[in-house]
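Here it is, written out as structure tokens:
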């Protein structure tokens, strides 16, 4: 509220982290002409990583008037650039928002910058959407760049053009910003200049990476394509190189960038892409962002809310020390600015000296031109005198004059031509150097080729010699083999001639004898084979007969198995039909109860309806799964039967409870709930009908039932009690209802005490009855004061509008009244238990303490809005004192009753022996130690419970002792009958009248009451 922000409910409900993120967005993107603070941008970026996206950022940013405020649009573009670079990878901005900036009515100096920045962001997002492997901060390795470029030279060519366009957009924005600003130190230190210069830090980071990408891609292109094809790429790179170098040099001289970023230096000349070895000389430019020396807490004061009390002297001393440190830092910055100014003056003086030297040179050239002009004029005068002396050559004089003018014009043309020749000569010299380099490289390559040719010729000659030598050797071997073959052939002829005819005859007889023996053996083998073949034929026939019999039995068994399988499927389907019929009867019975007059008296809670609907949704999923399994395997219907049985009962339960809930719901909700219950029954019966027929079994789908049950679930959730979600326009009625309910509860407590008064308990319950009557009077007085506050503060507004405007005060009043009524009812119940000897006296003491604390809370909440001089406020305070006195009396009487009971149990040890007394003493000591241990454990548990209570309420642990009356050591200290400084929430001491703190203490602790009101209200609402 101190910032004047109206935040959406969805953003505030997200928690403190979302709230801090939204506050940082609102502080970073505003119409002040000042740079975006780094801490705000860092919180926005951390928020994108926390929620793994930028939903909170875009939800807030889309509502900004970007098309009408140029400074707001400029800072929005800056924050978007930072979020794209360093935010979560799921960040995808709405392009329509950035497009609306370029089409808006922004015609001032910022408008041109915003248009260029928006085009840059669109180019950046299109590039990274197309090449998702390259992160938005462009910090990728050369391997990733090679993978993105690929091996297709067309893709490399296209990627190079896109990187050129990307770098052009960055440079156009930087050049326009620097051109609009005066580069002097004074301008760069003003907030208006820093507002324009701050986005250039991200531009410098992007440009350094894009320059490296361009160099790598151009070297890769020159390795695959001819140099003439890439002449346009080289020219465009040279232009970008000189623009980028100029931008880096100017930015490096500005004092604003010197403490924020270290800008790299580019080489004096661009790389030579025609020489592949130049790639080794290329060094990747690295941008360094130095760490912040100053702690964030120093300048983080604007995020803290305004203090509720005055700043102490210690805090003021701390602020003075911080201001002194800031002053020392400013002095250091001033000295640095002076040094920069001195260097700037020195540079200006050197520039003045160079300009004076150029001016002197121009003067010399002017004098030379005047001398030449004077000589020409003297020649012209001599010619004129000669023409005056010689009238006969008048025509010649005219020609001479014309020739002199032509000569003068020719002289001017020659002078211009000379200038052009000088520039072209310089260009030719540069090209000649490149040509010499290329020629040297070509010559070197040619020499390498010549040497390679010589080596190859030498190798060829050597191979030829080797081949000739091998050929001669092969010829010699062939001749040798031919001679050996002839010798072997002659020897064979000699062997044939020496063989005798008798040897051949003997060999023939031997062969004939061996043939006859082999024929006899063969005939015996044939006879054995015929016998074996006949036996095999008999075995084959026997096997064939047995195989036929087995096949017949197998076919009979298969047919019987098919019959059994078919019968099983029919029985399974008949079971399914029976289950479906039973489910239909269950759902039809539930539908019949919707129109049953006796069912109108039945009611149900929305919570139970929601639980039934959720269970029904789970059963629908199981039915769907069981149906899928049954369609896959028709022989297993068990899962579907179990799911259908459960579904039918749950669906009928949902229909009946939905109708019962509709009996207590508003008319609109009741009609919709009844209609959806009938729709659920209709869809369920249709689904069951589809399951009963095999023809429609395939198309049975419970999805329509799920949709209707989800509608019933949503209606049940809408009918749930809202608790803390009570609308502000209902707070007035809620206050009246709660005050009336509290009064009724106290009256009922009084009646219960009057009915329970007996002769034995009359004296004991007298104090409780008076205490309850005092509480009743307190509530009535508080109601009158509340009506007076409303009538005095609402003005022309209605009562409901007054309560809605003061919603937090109203919630505290409701919480206090609830606490008072609950305490009175609980005290009466505890008194009943004590009288019946089933309760504890300590319960009455605790109830008295709670009533005293709730009374103090009710009085404090009433004093916030009441008039200080109001008589009803005085009456309320008196009633509060009366309640506290009665609470003290109840505690005192309770203690008296405890002491009276303890006196009755007087211990008699007269009949015990020494050993028995010693044993009793030891047992008593053991019991004392056990009770002390239990007491310590319970005190620790009480402390942890109170700590958890205030943690949930959102109260810091440091404020517990002051704002809540719970000191950390209070659990271990005994209660004092006279507390020194009781707080507003501390329980009254035993047998002691509770004290109220002074008004200034109540006013100082009001912040703690706000948290207590919300905690008690949340607990009562949950109950």
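Numbering (our numbering), first residue to last: 334 to 1356.
Beta carbons are placed, not taken as given, at the ideal position from N, Cα and C, and that holds for glycine.
Computed from a predicted structure; not experimentally measured.
Nearest residue (CA-CA) to residue i, options the options
i, options, result
"residue 498", "513, 539, 1151", "539"
"residue 929", "993, 1268, 1027, 1048", "993"
"residue 410", "1153, 1156, 421, 452", "452"
"residue 587", "610, 523, 650, 614", "523"
"residue 543", "505, 965, 501, 561", "501"
"residue 1032", "866, 1019, 404", "1019"
"residue 1035", "1107, 888, 957", "957"
"residue 600", "579, 1251, 526", "579"
"residue 496", "659, 460, 852", "460"
"residue 371", "493, 476, 531", "531"
"residue 1077", "1109, 355, 1052, 1227", "1109"
"residue 971", "908, 493, 1271, 654", "908"
"residue 567", "493, 822, 475, 613", "493"
Under 8 Å between C-beta atoms of residue i and residue j
i, j, result
"residue 545", "residue 480", "no"
"residue 619", "residue 594", "no"
"residue 416", "residue 467", "no"
"residue 952", "residue 906", "no"
"residue 1026", "residue 920", "no"
"residue 945", "residue 1004", "no"
"residue 1222", "residue 1185", "no"
"residue 1050", "residue 924", "no"
"residue 513", "residue 442", "yes"
"residue 385", "residue 421", "yes"
"residue 399", "residue 529", "no"
"residue 387", "residue 424", "yes"
"residue 1117", "residue 1044", "no"
7 Å CB neighbourhood of residue i in its chain, flanking five on each side removed
i, result
"residue 373", "357, 360, 361"
"residue 533", "507, 510, 584"
"residue 556", "609"
"residue 1192", "1209, 1210, 1213"
"residue 1167", "1174, 1177"
"residue 997", "936"
"residue 933", "996"
"residue 397", "362, 405, 409"
"residue 1180", "1156, 1159, 1160, 1163"
"residue 1187", "1149, 1152, 1153, 1156"
"residue 1183", "1156"
"residue 478", "546, 549"
Residues bridged to residue i [DSSP beta-bridge criterion]
i, result
"residue 595", "621"
Cβ neighbours of residue i in the same chain (closer than 6 Å, five flanking residues each side left out)
i, result
"residue 967", "902"
"residue 913", "1021, 1024, 1025"
"residue 444", "403"
"residue 1303", "For residue 1303, the pLDDT reaches just 35, beneath the cut-off of 50, and the residue's location in the model is therefore unreliable, although a value from the coordinates is still provided. Contacts found: none."
"residue 636", "Its pLDDT being 47, under 50, residue 636 is placed unreliably in this model, and the value from its coordinates should be taken loosely. Taken in chain order, the list of residues that qualify is empty."
"residue 1014", "920, 924, 988"
Buried or exposed by the 16-neighbour rule on C-beta atoms within 10 Å, applied to residue i
i, result
"residue 1215", "buried"
"residue 1189", "buried"
"residue 895", "exposed"
"residue 811", "exposed"
"residue 561", "exposed"
"residue 389", "buried"
"residue 1274", "exposed"
"residue 1145", "buried"
"residue 503", "buried"
Any non-hydrogen atom of the ligand NAP within 7 Å of residue i CB
i, result
"residue 926", "Ligands displayed in this structure: none; no statement on the ligand NAP is therefore possible."
Close Cβ partners of residue i (< 8 Å) along its chain, the five nearest in sequence each way excluded
i, result
"residue 563", "551, 554, 555, 606"
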